[in-house]
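Scroll down for the structure; my scribbles are underneath it.
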Amino acid sequence: MLSEIAFAAGCFWGVEKNFEQIPGVVDAVSGYTGGSYDNPSYRQVLDHRNDTSGLSQLLEKNGWKDEPKESEKITNHTEAVKVLYDSKLVSTEYLVKNFWELHDPTQVNGQGNDIGNNYRSAIYWTNDDQKKIVLETHDEYQKLLTQKGFGKIVTELEPLGKFWSAESYHQDYLAKNPNGYCPNHKTGVKFADKGMIKEKLSETYNEHLKDVILQPLDGKEIVVIESDSYCPYCIAFKEKVLKEYRGSIPVRSVFAHNIKGYKLKTPTFATPTILFIENGVEKLGFQGYLAPNEFYQALEKFKLNS
22 MLSEIAFAAG
32 CFWGVEKNFE
42 QIPGVVDAVS
52 GYTGGSYDNP
62 SYRQVLDHRN
72 DTSGLSQLLE
82 KNGWKDEPKE
92 SEKITNHTEA
102 VKVLYDSKLV
112 STEYLVKNFW
122 ELHDPTQVNG
132 QGNDIGNNYR
142 SAIYWTNDDQ
152 KKIVLETHDE
162 YQKLLTQKGF
172 GKIVTELEPL
182 GKFWSAESYH
192 QDYLAKNPNG
202 YCPNHKTGVK
212 FADKGMIKEK
222 LSETYNEHLK
232 DVILQPLDGK
242 EIVVIESDSY
252 CPYCIAFKEK
262 VLKEYRGSIP
272 VRSVFAHNIK
282 GYKLKTPTFA
292 TPTILFIENG
302 VEKLGFQGYL
312 APNEFYQALE
322 KFKLNS
């Protein structure tokens with residue numbers, strides 16, 4: 022089962038790199054969330070980093086109240102990473118505990134020298150099970166921190182609202198720039214047990230495709246070559262693309278060895294492989310995962326080149 026949860030722990034470059042290396046994490050996307058304005062850009066989030074709306078709300082809870090300035094009416098977004106994961110491979114508990122250990126959750130509006138509300142610590146859940154784990158591990162980690170002389174956790178704990186993906190140059194930044202800035206702000210305080218994580222699954226996937234033999238349709242179709250074993254990118258493609266697809270061109274899935282009578286150019290050993298076909302002849306082919314925008318760009322090209 023795939024689930025999503027978002028974490029904010031300072032600069033999102035390092036947070037993204039940390040989570041995408043965990044087995045069972047299908048995708049990690051840097052972006053912005055937790056704010057009160059739409060379509061944030063990196064520049065906007067940076068410009069609002071010293072706005073004090075969050076501080077004003079905190080003071081008001083404690084009996085202090087003053088007329089807010091115009092800038093204080095804005096709640097800024099924080100740099101966050103939305104994590105898509107397979108709970109058969111990695112538990113929510115493991116990911117959340119990894120988050121607590123990854124940074125200093127007692128620092129207000131920042132991590133180390135990265136100062137501003139855009140670097141604030143936060144977890145944004147998407148279901149009640151995640152919320153329960155977040156709150157329980159918060160209390161558990163607070164006890165561990167207190168024992169080591171740290172202060173109170175100030176992490177924002179909320180359900181995930183609208184999440185805006187960051188600009189393309191921020192995605193996989195440290196993979197593209199291995200010498201990039203990636204500070205370590207861990208407290209060094211660790212849980213005794215972080216929860217379940219597996220390297221791989223032994224179960225067979227896509228049992229329903231085992232006996233499916235695919236032969237060409239008349240006209241256009243999209244064929245997705247899938248795997249009979251665990252394939253996180255196949256799962257991500259189904260969840261992020263096919264689940265929302267409502268087009269008129271039919272989409273069918275098959276194992277590579279069960280596709281018959283087609284004239285193909287693209288090798289089918291990789292999964293997923295996405296093939297755009299007309300009357301049994303491949304017009305476009307892609308090995309590997311296609312993001313939604315990439316899929317629809319290819320689909321448009323396929324339609325225009327008929």
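Converting from the sequence shown to the numbering used here requires adding 21 to each position, the first position being numbered 1.
Every residue, glycine too, gets a C-beta built ideally from N, C-alpha and C.
Being a predicted model, the structure only gives us computed values, none of them experimental.
Since residue i sits in a beta bridge, which residues does DSSP pair it with?
| i | result |
| --- | --- |
| Asp135 | Gln132 |
| Pro180 | Trp146 |
| Ala312 | DSSP output for Ala312 lists no bridge partner at all. |
| Thr99 | Thr54 |
| Leu23 | Asp107 |
| Ala30 | Ser142 |
| Lys324 | DSSP lists no partner for Lys324. |
| Ser11 | The structure shown has nothing for residue 11, since the chain only spans 22 to 327. |
| Lys284 | Val302 |
| Thr294 | Ile246, Gln308 |
| Val46 | Tyr106 |
Only counting the same chain, and skipping five residues up and downstream in sequence, which positions put a Cβ closer than 8 Å to that of residue i?
| i | result |
| --- | --- |
| Ile26 | Lys103, Val104, Tyr106, Thr113, Leu116, Val117, Ile144, Tyr145, Trp146, Thr147, Gln151, Leu181 |
| Ile218 | Ile43, Pro44, Gly45, Leu110, Val111, Ser112, Tyr115 |
| Ala319 | Ile295, Phe297, Leu305, Phe307, Leu311 |
| Phe120 | Phe28, Ala30, Ile144 |
| Glu265 | Pro313 |
| Met22 | Asp107, Ser108, Lys109 |
| Glu188 | Ser62, Tyr63 |
| Leu230 | Glu247, Asp249, Ser274, Val275, Phe276, Asn279 |
| Val14 | With the chain running from 22 to 327 in the structure shown, residue 14 is simply not present. |
| Gly309 | Tyr254, Ala291, Pro293, Thr294 |
Cα-Cα, which of the options is closest to residue i?
| i | options | result |
| --- | --- | --- |
| Val129 | Lys183, Phe171, Leu165, Val245 | Phe171 |
| Ile270 | Lys164, Asp149, Glu242, Tyr254 | Glu242 |
| Gln168 | Phe33, Tyr190, Val210 | Val210 |
| Asn71 | Asp135, Lys322, Lys324, His278 | Asp135 |
| Asn227 | Asn205, Cys252, Gly240 | Cys252 |
| Asp68 | Lys264, Lys261, Gly52, Asn97 | Asn97 |
| Glu122 | Lys183, Ser24, His278, His206 | His206 |
| Ala101 | Asn300, Val66, Cys255 | Val66 |
| His124 | Phe184, Val175, Gly52, Ala187 | Val175 |
| Ile212 | Tyr162, Asn198, His191 | Checking the sequence, you will find Phe at residue 212 rather than Ile. The option with the nearest alpha carbon to Phe212 is Tyr162. |
| Lys261 | Lys38, Val47, Glu37 | Val47 |
| Tyr194 | Ile154, Asn60, Glu37 | Glu37 |
| Asp59 | Ile154, Leu165, Ile95, His159 | Ile95 |
| Asp214 | Thr158, Lys183, Thr208, Ala257 | Thr158 |
| Lys183 | Phe258, Ser57, Ile256, Lys324 | Ser57 |
| Phe40 | Val272, Ala196, Lys164 | Ala196 |
| Ser24 | Asp239, Ile256, Lys164 | Ile256 |
| Leu238 | Gly131, Lys324, Asn300 | Asn300 |
| Gly131 | Phe323, Cys32, Asn326, Gly240 | Cys32 |
Return the chain-ordered list of same chain residues with a C-beta closer than 7 Å to the C-beta of residue i, the five sequence neighbours on each side being excluded.
| i | result |
| --- | --- |
| Gln236 | Lys281, Gly282 |
| Glu315 | none |
| Glu321 | none |
| Ile234 | Asn279, Lys281 |
| Ser92 | Here Ser92 scores only 48 on pLDDT, less than 50, and its place in the model is too uncertain to base an answer on. |
| Leu76 | Low confidence applies to Leu76: its pLDDT is 49, below 50, so where it sits in the model is not reliable enough to give any reading. |
| Gly216 | Ser112, Glu114, Tyr115, Lys118 |
| Gly240 | Glu299, Asn300 |
| Leu325 | none |
| Val272 | Ile243, Val245, Leu263, Tyr266 |
Leaving out five residues before and five after residue i in sequence, what residues of the same chain have Cβ atoms less than 6 Å from its Cβ?
| i | result |
| --- | --- |
| Val302 | Lys284 |
| Glu179 | Tyr145 |
| Phe99 | For the sequence presented, residue 99 should be read as Thr rather than Phe. Same-chain partners within the cutoff: Ala29, Gly55, Asn139, Arg141, Ala143. |
| Pro126 | Ser142, Ile174, Thr176 |
| Asp149 | none |
| His191 | Ser51 |
| Ser186 | Val50, Gly52 |
| Gly133 | Pro204, His206 |
| Leu166 | Val210 |
When you compare the CB of residue i with every CB in chain B, is at least one pair closer than 8 Å?
| i | result |
| --- | --- |
| Val302 | Checking the listed chains, one finds no chain B in this structure; it contains a single protein chain. |
**Asked** Below 8 Å, can you find three or more Cβ-Cβ pairs linking the stretch 125 to 140 to the stretch 281 to 290?
**Response** Proximity of the stretch 125 to 140 to the stretch 281 to 290 falls short of the contact definition, fewer than three beta-carbon pairs being nearer than 8 Å.
**Given 8 Å, three or more beta-carbon pairs between the stretch 295 to 309 and the stretch 240 to 249** = Remark: three or more beta-carbon pairs, one from each stretch, lie closer than 8 Å, so the stretch 295 to 309 and the stretch 240 to 249 are flagged as touching.
**Request:** Starting from the N-terminal side, write out each stretch of the beta strand (DSSP E) that is 3 residues or longer and does not extend beyond the stretch 210 to 276.
**Result:** 241 to 247, 272 to 276
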